[in-house]
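Note sheet for the following structure.
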Amino acid sequence: MSKVSNISRRRRSAQTEGGADYTAKREELVRIAARLFKEQGYQSTKLAEIAREAGLDRATIYYYVGSKEELFRETVEGVLDDISAEAKRLLADQSLTWRERLHAIYVRLMASYEENYPATFVYIKEQMHEVAAEESIWAQEIMRKTRAFDQVLINLIREAIAAGELRSNIPPRLVEHALFGMLNWSHRWFTPGGPMTGAQVAEAFWSIFIDGMNPEKGN
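Residue numbers (the working numbering): 836 to 1054.
As structure tokens, then:
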């Protein structure tokens, strides 16, 4: 049995057993990887650099993770699941108007960017197109989840327009690009601990958006 396959076997065993120290080290590696991906770019970051930042040598890191791609997947998958579940919950909440539901998920999304910084920004910045081009089962599943989340957002916008809560003379897809494009572009400048929280940034953007989307304008 080769050294690499032996390490892989030990890694799978350790992941199954889930010891506290092992889990903590993997979580540290995910955090370090996300930071380096944000600072240097995913393609430019080497697994050896991640290992060095974590105090491991190149061989030892394979006891915790199988590849750089595995670290990237862990940085984004849980975040996407959480925000998608919240969006679906809000979509079904009939105690709120459509506009209130759209507002709630908008603010929650930016708060999630802050809470999970910089993992989500790595995905937004440079990985969406690469994931879309992959043919792996994981990549296909991530794109399925991304498209499902997008469908929830566009449905919220369409329902708000149909209910007369947003102006109707702008195509829903353009509304979505304008509104959520503001949030996604924040990867260029937003960092936690700045003068505004993620929620405050979202509220400021929302106030700009909702004034322009007032149904009394342009109908």
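Glycine residues also receive a C-beta, built at the ideal position from the N, C-alpha and C atoms.
Remark: C-beta atoms of LEU925 and ALA939 approach each other more closely than 8 Å.
If you look at GLU935, you'll find it in the alpha helix (DSSP H) that goes 933-950. DSSP places ASP892 in the coil class of the three-state scheme, outside both helix and strand. Taking the C-beta atoms as reference points, VAL900 is found no nearer than 8 Å to GLU1038. Nearest neighbour of VAL911 by Cα position, chosen from TRP1041, THR981, VAL1010, LEU1018, turns out to be THR981.
If you ignore the 5 residues before and after GLU994, its C-beta comes within less than 7 Å of the C-beta of TRP933, all in its own chain and listed in chain order. Every alpha helix (DSSP H) stretch that sits fully inside the region 866-921 and reaches 4 residues is listed by chain position as 882-888. Leaving aside the five residues that flank VAL1036 on each side, the residues in its chain whose CB is nearer than 7 Å to its CB run, in chain order, MET945, SER1021, PHE1025. For the pair VAL957 and PHE872, the CB atoms are nearer than the 8 Å cut-off. Annotated three-state conformation of SER930 is coil, per DSSP.
Note that the C-beta distance between LEU906 and ILE885 is below 8 Å. The three-state secondary structure of THR1026, taken from DSSP, is coil.
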